[in-house]
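*Asks:* My questions will all concern the structure given below.
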Amino acid sequence: APAVAATTIDPESVASLSIHKFQHPETATGLPSDGTEIDPSALTGLTALEGVGFTVTQVPGIDLTTNAGWSSAAELTVDTAASAVAGLPGLSGVTAADGQLTFSDLPLGLYYVEETLTPAGARAAAPFLVTLPLTDPVTSGEWLYDVHVYPKNVITTAGKTVTDAGTKVGDVVTWTITGDIPVGGRTDAYRVVDPLDSRLEHVSTTATLTNGTTLTEGVHYTSALDVATNTVTVDFTAAGLDVLAANEGAQVQVVIETTVLEAGEIENIASIFPNQPSIDEGNPVVTPPAVTKFGAMTVQKVNSDDQVLSGAQFQVFTSLENARTRTQPVDLGGEQLADDPDERLLR
Numbered sequence: 002a003p004a005v006a007a008t009t010i011d012p013e014s015v016a017s018l019s020i021h022k023f024q025h026p027e028t029a030t031g032l033p034s035d036g037t038e039i040d041p042s043a044l045t046g047l048t049a050l051e052g053v054g055f056t057v058t059q060v061p062g063i064d065l066t067t068n069a070g071w072s073s074a075a076e077l078t079v080d081t082a083a084s085a086v087a088g089l090p091g092l093s094g095v096t097a098a099d100g101q102l103t104f105s106d107l108p109l110g111l112y113y114v115e116e117t118l119t120p121a122g123a124r125a126a127a128p129f130l131v132t133l134p135l136t137d138p139v140t141s142g143e144w145l146y147d148v149h150v151y152p153k154n155v156i157t158t159a160g161k162t163v164t165d166a167g168t169k170v171g172d173v174v175t176w177t178i179t180g181d182i183p184v185g186g187r188t189d190a191y192r193v194v195d196p197l198d199s200r201l202e203h204v205s206t207t208a209t210l211t212n213g214t215t216l217t218e219g220v221h222y223t224s225a226l227d228v229a230t231n232t233v234t235v236d237f238t239a240a241g242l243d244v245l246a247a248n249e250g251a252q253v254q255v256v257i258e259t260t261v262l263e264a265g266e267i268e269n270i271a272s273i274f275p276n277q278p279s280i281d282e283g284n285p286v287v288t289p290p291a292v293t294k295f296g297a298m299t300v301q302k303v304n305s306d307d308q309v310l311s312g313a314q315f316q317v318f319t320s321l322e323n324a325r326t327r328t329q330p331v332d333l334g335g336e337q338l339a340d341d342p343d344e345r346l347l348r
């Protein structure tokens with residue numbers, strides 16, 4: 002309800018709504034949220050989000066120049082307002098590089114504001130209602146015709162690493178994918194997709210949480226391999242989403258074991274879809290690439306006249322320390338040295 006009489010509103014005026022979009026900070030800013038514009042210097046620690054889409058639609062039948070109109074507005078919920086504007090044309094736009102989007106020259110009234118284009122890895126801010134004008138919180142008895150709002154998005158981040166030390170072609174390497182759990186309530190879906198390189202053969206897939214919470218395949222998540230595309234997909238079930246909601250401070254961790262089929266530089270990138278809209282829109286958060294490299298080496302022993310010498314024996318080590326101590330040589334499948342059965346040959 003207005004703090005001043007509705008009859009003091011100038012019915013000939015127009016209003017503006019400026020949306021300032023930022024990534025949700027880890028700690029509360031303590032900044033005001035009263036419709037006034039915040040000093041930009043107070044926002045320097047926040048990350049502006051570009052390209053976020055919003056649609057604003059005026060709710061019909063609400064005349065804010067009358068007290069009866071304010072009473073009607075107060076009785077509306079976001080859901081009932083959504084029904085009231087369904088099918089009506091609205092104004093749409095996307096935020097600029099500074100995270101701002103301004104709708105100018107708006108008729109006075111009650112507006113339904115909806116985030117319609119969400120950043121990758123983010124959950125859309127909840128729809129909300131705003132009156133134009135608002136009671137001016139600074140100057141008592143006046144109206145604020147240019148309103149500023151600051152809805153924020155929590156962004157899901159993702160990472161991927163590979164464990165391949167001391168391995169060769171034919172061995173198993175392990176890929177670990179991590180993704181944030183959405184905060185602010187139970188998410189409606191969570192999917193991890195990993196298109197494996199054709200030089201990798203899938204061995205197994207498991208999912209856990211980084212805080213040690215155990216997940217059971219078939220209960221908390223499902224795992225499938227599309228043989229045609231060599232793509233692994235992990236989907237969380239309803240029970241699994243409940244577990245995620247109870248462990249917001251942790252991360253999802255998917256571990257995929259693969260066998261390396263041939264030498265080369267193998268890059269692998271995974272995608273995380275933290276909610277149903279990201280799945281529907283094909284808008285995942287993508288991990289940085291993880292790379293494993295396997296090469297081939299031919300050793301030929303010759304004398305000073307470049308004549309080939311047979312019978313030479315070599316070993317391969319994956320670190321200088323192992324080479325110096327002659328420990329943990331790479332198993333190349335060759336013959337054993339007669340004086341040390343734990344060492345292997347490369348002939």
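Add 1 to the 1-based position in the sequence shown for our numbering, that's all there is to it. Note that the Cβ used here is the ideal one computed from N, Cα and C, for glycine as well. Being a predicted model, the structure only gives us computed values, none of them experimental.
(1) Taking the Cβ atom as the reference point for each residue, do T96 and K22 lie within a distance shorter than 7 Å?
(2) Which whole-angstrom value describes the C-beta separation of H25 and V155, a residue pair presumed to lie in contact below a C-beta threshold of 8 Å?
(3) May I have the straight-line CA-CA distance separating D189 from I280, to the nearest angstrom?
(4) Along the chain, where does the alpha helix (DSSP H) containing P278 start, and where does it finish?
(5) Could you please give me the residues that DSSP links to P61 through a beta bridge?
(6) If you run the structure through DSSP and keep just helix, strand and coil, what is T117?
(7) Here's a check: name, in chain order, each residue in its chain whose Cβ is nearer than 6 Å to the Cβ of T56, leaving out the five neighbours to either side.
(8) When burial is assigned at 16 or more other CB atoms within 10 Å of the CB, is N269 buried or exposed?
(9) Spatial neighbours of P128 within its chain, please: CB distance less than 6 Å, with the 5 preceding and 5 following residues excluded, ordered by chain position.
(10) Could you spell out the range, first to last residue, of the alpha helix (DSSP H) harbouring N68?
(11) To which residues of the same chain is D198 closer than 8 Å at the C-beta, ignoring the five residues directly before and after it?
(12) How close, in whole Å, do the beta carbons of L130 and L77 come, if the pair is a contact with beta carbons under 8 Å?
(13) Does the count of Cβ pairs from the segment 130–143 and the segment 99–116 closer than 8 Å reach three?
(14) At what residues does the beta strand (DSSP E) containing L107 begin and finish?
(15) According to DSSP, simplified to helix, strand and coil, what is D307?
(16) Check each candidate in G296, D165 and T211 and name the one with the smallest Cα separation from N248.
(17) Under the DSSP definition of a beta bridge, which residues are partnered with N269?
*Replies:* From the atom records:
(1) yes
(2) 4 Å
(3) 11 Å
(4) Q277 to D281
(5) For P61, which the question treats as bridged, DSSP gives no partner whatsoever.
(6) strand
(7) G91, S93, E115 and T117
(8) buried
(9) V79 and E115
(10) N68 to E76
(11) N231, I267, E268 and N269
(12) 7 Å
(13) yes
(14) Q101 to L107
(15) coil
(16) T211
(17) A291
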